[in-house]
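Chains as they are written, first to last, in my numbering: chain A, 165 to 749; chain B, 165 to 749. Heads up, the beta-carbon is just placed ideally off N, CA and C, and yes, glycines get one too. Single-structure report; data block below.
As C-alpha cells, then:
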C-alpha cells in the first residue's frame, strides 16, 4: 500500500469506529448544502485531511487523542471557495491567505494571465509553486491570454499542454468574448485543447447579448462573472452558463443583481466571486465571508447564499468530489459561524487543521522564494530617454488628425478624433485642456518596443505616473504631462525590476517596488496598504482624481474594457480588435 | 484546422447568423432545466450534432436547407439519460435502442461487469464497440467486479487502466458496499486508480446505515440506486451521495420513495434510473419516459421530474458540458412532448438527427458483429455427467449436517441448517419437501470447476433449469430435481455456447440461445419476449412459481442480495463474505 492507500484505509477505519478520529466538532447545527436543510445536533469528525463521518451521532469515533470542539449550537458550514480570483496582483499569496483564511475561505481558484504575460510558462509555474503548501488550497486556470498586443495574443499551445497536465489547473481562464469572436482561429484551438483534457472554459461575456452571447456560449464557455444586471444573469443562466455574481474591488454587482433570486426556480448555477480584491478592501472588509453576508443581507436565503460560495462553485469546477460540502470522504474544510444568518468565522478548519479562530490566524502562511527569473522581468534593454516619447509628425500642414483616448469613467474610455497643432515636426499636447501623453513600453514579449499616444481627461497637470502591472500585456504603462518625468518613472521601474512610480519636476514623489514578476510587492499587506495610499496621494497631487488612480492607469492596456486601449503596438479599437495608429490617414 | 475545429467554427458561424442552421424547432415551450423555468415561444436551432442557439428568436439562423419543425406550442425538453443500466443483459444494444430511443432516451450509462466476468477485457471492449455508432449515445462504467467467487473478485489493475483510458468510460461501476468494507485491500486501490483518472465511483449501498454507510461514503462513493424508502434516500443525500431512484424490472421504488420531494429543499442530487429493464417491460412500458411520467404522477413537479432524468444525471457524471440541457454548444438531444405534464415523445432528436417521430423509429440501430471470442465463452472442458452433481458424504453416521439455501422471496435467501439422510454415501435430496440440488459450474475463470449444494423452496418438482447468465460470476447456474436433467441442461448450454434451458424427463422442454458472451440473445426483442414466456411456462410446468423464474435462478450467484449465495467455489455467506462448504464441520 502506498501513502494514499494507507490514508484511505485509516479513514475507513475511523468511519467504522475501529480507531479514533483526529478532530471532532460536536453539538453543532449543520447547514447541509446537498439537501438544503439546516439540521440540529450534528457532529463531524475528521481523519487526517478528510471528513470521516458527519451526522447526528459520531460519538463512536471520539477517543483518546481526538480534539473535541463543542460548537455549543453554533452553525457549521463548508469552507468558502472563491471561483474567480486574481491572486497574482500586488501582494503575495501568503499575504492573501492571511486575510482570506481567517474569514473562512479555504479554497481559491485564481487566474494566471498576469505572470504568463510577463514571465511565460516558467513564471506561471513559479507562481503556482507559491500557492502550494499554504494553509488553504489554491486551484488555477491556464491563461487564455487575450491581449491588446497581437504579439502576446493567445497562449502558446505547448505551454497550454504543460499547464493542462497539472492537477491544480482546472480549466482555461477568462477569454473575453469579443476577442474570441474576432479571433476564432486563435481561440477555438485553445478551447479544443482544454476540453480535450476534460477541463473547463471560463468565460467573460461583459455586455454580450443576442446572437453574440449565443455564439460565445456555443464555443463551450461555462461561466461568466460580468453581468451587472439581473436580466443579464438570467440570459446566461438560461444558456446553461454558471453566473458568478461579482462583488469585489473592480466592481460591486451583488446588490443590483440580487433580484435574480426571485426570477428563477433553480439557483444551482449561481456563484459568488470577488474577481480580485484590493489590499485595502481585503483588510477592511474581509473576503468571501463578506460576500455571503451581503447576499443574505440582500435577501438571499442563507442556505442559498452559502451554496453560492461552496457547493455551486465546487460543482462548476468538478471539484465537488473533494470540496464544497460536509460529508464523509470530502476534504475537512469547515467554518463555524454563530448562526446561519451571521457569517462570522469563529473556527476555520482547512484540510483537517484549525487554521483560524475568532478572526486570528493560527497557521502562518508559507513565504515562497521566487526564482531569480521571476524577479527579473523588466527587460527593457536600455535607459529610456524623454525623446523616446516624442510624437514626430511627418505629414504636411501644421495640424495632425489624431485618435485620442478619452476617459469616460475611471475605467471606460472612448476614441475622440482631434486636429492637433504641430510645432517643429512634433504633435503638441495641451495640458491646459487635460491632453497629455500616454505610452506603453513592452518589457518582456518584444522588450523595449514602445508606442506613444495621447490621453484626454486623465486630470494630470504635471509630472508622470507609471506601473509595470499593466493589464493583459507585458507593458510598462506611463501617463505623463512631462516627458522627463515619464522617462524617470520608467527608468526607476527598470531599476526596481517592477513597481509603480509617481514623479514630478524631475524627482520621484512616491514609489512602490513590485519585484515579483514586476507585479507583486513582497511587503506585508498592512504596509502595502499604507504605501498604496502614498501613491494615490502623489497621483492626486498631480491632479489625478480617480478613486484609484493606479487601477485606472493599469487598466488602460486592458483587453476587456471599452473602447480605445493602448499597447506597445499602438492603439486598439475594442469594437473590432484592430490595432490602429495615433495619426488618422 | 482539423475536423473538430471545422465543426466548432461552423457552429460559431451558425450561432452568429453567418450561415443557416440544419434543424430548427420553432414555436415551442421550453423547459429550461438550468433555471427551472418553462418559457413560451422558444426555438432551438442545430448545426451538425450540436445546438447552435436556443431562445426566443433564432429566426436569423433559418435559411435555405434548414429543416424547420413547427412545435405548435408543444414542449421541448432535453433527451433523457439513464444513469444506471445493464445493457449487457439478454438482448443486444441494437434491440435496446429500438425501444429506448423512440420514447426520448438519448443517452444510456451502462455497467459492464457482465461481459467482464465471462470474457475479460476483450469482452468488455467488444461490448463497448457494440454501443458505438448507434442512434443514441452510450457511456459505460468499468466493472468493479464484486463477485461471490474469490477467483473473480476485483477487476485486474491493468484491465482497469485500459478501460479508464477510454473516453466513454465515466467511472467505476457499482461496488456493493459489504464487499468493499469486507475487502478494502482489494477495492481501495481500485477506487484510487479510478479517482486518479478524475472518474467516478458508482455505489451500491443497499440497506447500509449508520457507521457503515458513513464508511462507504468515506471511500468516495458518489451514488446509490438502492434506497427503497424515502428515509434511506435522505440519509444518502445528506452525505452528498447522488441518489438514483430505481424504477425498473428488478425493483420499482419510485412510488414508495416519492415522499422525498417534500423532505428536502434541494433536489439536484436526485436521479431517476431503471437499473435495467426486462425485454417484456421495455416493450410494454417503454423506458425513461415511463419513469419521468410516473414521477410526475407521484407528485413531483414536472420541471424537477425532467431534471432528474436529464441535468442531474449529466452533472453527476460530469457530462453536463455536453448533455442534459438545451443550450448553445450542447449536443442536440431534444424531445418534443405535448406539454410538461405529458411525457410522450412526439419527436426525438439525437445528436442533431430526428431519430423517432410519434413513437416510430426513423433511424435503424446498427447490428454489431461480435468477435468470435465473444461468441465462444462457455469453456466447460468436457461433457457434464449426472454424477458430477453427486453429494458424497465422507463422514460417519447416517445423517449429514448441511447448510441449505432457502428462498425467502423470489430474490432473497437465507441459510437453514438441516440434518439430511445419507444413503450409500450420498446426501439425499427431498423433492416432496421442496429440497433439490443447485450447482454452479464455472465456464470462464476456472472452467469446469463445479460446486453442488442444496436449495429449499424453489418449487421444482421435477426436471432442471440452467442459465449461463448467472450474476456477478462466470458460472452456469443450474437448479434441478433430477441430476440427468441437470446435466442435460448444462450440456445443451455448452452446445449452444450460452443460453437458458429447461429440461424434464430427459428432454429439453424449452430453451433460448444466448450466444453473445453466453449472456445475450441476438433475437429481435419481440421474438425474445415470446421465447422468454415459453421458458417461464416450462419452469412453471416444473412447479417453479416465482414471477420471473429465470431472474430468480440467475440471481442466486449474485453478490449483492442477502443472505446465502452460491458460486463454483462453494456457498457464500453474505454477512461476512466468507466462502463455506455445504457440510457443517
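*Own chain, CB closer than 6 Å to residue 301 of chain A, minus 5 neighbours either side, in chain order*: Within its own chain, the residues whose Cβ lies closer than 6 Å to the Cβ of residue 301 of chain A, once the five positions on either side in sequence are excluded, are 271, listed in chain order.
_Chain-ordered neighbours of residue 402 of chain B on chain A, where CB pairs are closer than 7 Å_ = Against chain A, a Cβ distance below 7 Å from residue 402 of chain B picks out 196, 198, 199.
*Is residue 671 of chain B buried or exposed, if buried means 16 or more other CB atoms sit within 10 Å of its CB?*
Per the 10 Å Cβ criterion, exposed.
*residue 496 of chain B versus chain A: which residues are under 9 Å apart at the beta carbon?*
From the beta-carbon of residue 496 of chain B, no residue of chain A is found nearer than 9 Å; the closest lies around 11 Å away.
*Which partner residues of residue 421 of chain A appear in the DSSP bridge assignment?*
Partner(s): none; residue 421 of chain A has no beta bridge.
*asked:* Does the CB of residue 323 of chain B have a neighbour CB from chain A at under 9 Å?
replied: False, the Cβ-Cβ gap to chain A never drops below 9 Å.
*Does DSSP put residue 672 of chain B in a helix, a strand or coil?*
The three-state secondary structure of residue 672 of chain B, taken from DSSP, is strand.
_For residue 655 of chain A and residue 668 of chain A, what's the separation of their Cα atoms in angstroms?_
Straight-line Cα distance between these residues: approximately 14 Å.
*According to a CB-to-CB cut-off of less than 7 Å, which residues of the segment 418-432 of chain B neighbour chain A?*
Of all residues in the segment 418-432 of chain B, 428, 429, 430, 432 have a Cβ within less than 7 Å of some Cβ in chain A.
*How long is the line joining the alpha carbons of residue 653 of chain B and residue 708 of chain B, rounded to whole angstroms?*
In a straight line, the C-alpha of residue 653 of chain B is about 16 Å away from that of residue 708 of chain B.
*residue 510 of chain A and residue 504 of chain A look like a contact to me (Cβ under 8 Å); what is the Cβ gap, rounded to whole Å?*
Contact doesn't hold; Cβ gap of about 13 Å is too wide.
*asked:* 9 Å is my cut-off, CB to CB: does residue 388 of chain B come that close to chain A?
replied: No - not a single Cβ of chain A is within 9 Å of the one on residue 388 of chain B.
*How is the beta strand (DSSP E) around residue 303 of chain A delimited, first residue to last?*
That run of the beta strand (DSSP E) goes 301-306.
*asked:* Could you pull the DSSP bridge partners for residue 628 of chain B from this structure?
replied: Answer by DSSP bridge pairing, in chain order: B/644, B/667.
*Which whole-angstrom value describes the C-beta separation of residue 106 of chain A and residue 381 of chain B, a residue pair presumed to lie in contact below a C-beta threshold of 8 Å?*
Because chain A is modelled from 165 through 749, residue 106 of chain A falls outside the range shown and cannot be assessed.
_Nearest-angstrom Cα separation, counted from residue 724 of chain A out to residue 636 of chain A_ = Distance from the CA of residue 636 of chain A to the CA of residue 724 of chain A, rounded to the nearest whole angstrom, comes to 9 Å.
*Identity of the residues DSSP links to residue 620 of chain B by a beta bridge*: Per DSSP, B/570, B/599.
*If residue 282 of chain B and residue 608 of chain B are in contact, beta carbons under 8 Å, what's the gap, nearest whole angstrom?*
Yes, they are in contact, since the Cβ atoms of residue 282 of chain B and residue 608 of chain B sit about 5 Å apart, within 8 Å.
*Within the same chain, show all residues whose beta-carbon is closer than 6 Å to that of residue 468 of chain A, passing over the 5 residues directly before and after it, in chain order.*
Closer than 6 Å at the Cβ level, and outside the excluded window around residue 468 of chain A, lie 431.
*Quickly, what does DSSP pair residue 190 of chain A with across the bridge? List them, please.*
According to DSSP, residue 190 of chain A bridges with A/234.
*How many angstroms separate the CA atom of residue 565 of chain A from the CA atom of residue 618 of chain A?*
Roughly 12 Å separates the two Cα atoms.
*Return the CA-CA distance between residue 687 of chain B and residue 274 of chain A, expressed in angstroms with no decimal places.*
Whole-angstrom Cα-Cα distance: 56 Å.
*Note the first and the last residue of the continuous alpha helix (DSSP H) segment covering residue 446 of chain B.*
443-449 is the span of the alpha helix (DSSP H), which, as asked, contains residue 446 of chain B.
_Here's the rule I'm using: 16 or more other beta-carbon atoms within 10 Å means buried, otherwise exposed. How should residue 466 of chain A be labelled?_
Answer is buried; the Cβ neighbour count reaches 16.
*Which bits of chain A does residue 224 of chain B rub up against, with CB to CB less than 7 Å?*
Correct list: 375.
_Where residue 214 of chain B sits in the DSSP three-state scheme_ = Reduced to three states, the DSSP call for residue 214 of chain B is strand.
_Determine, for residue 491 of chain A, whether the minimum Cβ-Cβ distance to residues of chain B falls below 9 Å._
Taking a beta-carbon distance threshold of 9 Å, residue 491 of chain A counts as an interface residue toward chain B.
_Contacting residues, own chain, Cβ-Cβ under 8 Å from residue 680 of chain A (five flanking each side not counted)_ = Hits under 8 Å: 256, 534, 538, 539, 662, 686.
*CB-CB length for residue 612 of chain B against residue 602 of chain B, believed under 8 Å*: The pair is not a contact, with the Cβ atoms about 17 Å apart (cut-off 8 Å).
_Cβ closer than 8 Å: which chain B residues qualify as neighbours of residue 627 of chain A?_
Annotation: residue 627 of chain A has no Cβ neighbours in chain B at a cutoff of 8 Å; minimum Cβ distance is about 46 Å.
*So, are the CB atoms of residue 731 of chain B and residue 316 of chain B less than 9 Å apart?*
Cβ distance < 9 Å, so residue 731 of chain B and residue 316 of chain B count as in contact.
_If you follow the alpha helix (DSSP H) that residue 772 of chain A is in, where does it begin and where does it stop?_
With chain A running from 165 to 749 in the structure shown, residue 772 of chain A is simply not present.
*Would you give the residue range spanned by the alpha helix (DSSP H) that residue 480 of chain B belongs to?*
That run of the alpha helix (DSSP H) goes 475-480.
_Please list, in chain order, the chain A residues whose beta carbon lies closer than 7 Å to that of residue 168 of chain B._
One finds 356 in chain A with Cβ atoms closer than 7 Å to the Cβ of residue 168 of chain B, taken in chain order.
_Under DSSP, the alpha helix (DSSP H) around residue 284 of chain B begins and ends at which residues?_
277-295 is the extent of the alpha helix (DSSP H) around residue 284 of chain B.
*Find the nearest neighbour of residue 333 of chain A within the set A/297, A/557, A/289, A/372, judged by alpha-carbon distance.*
It is A/289.
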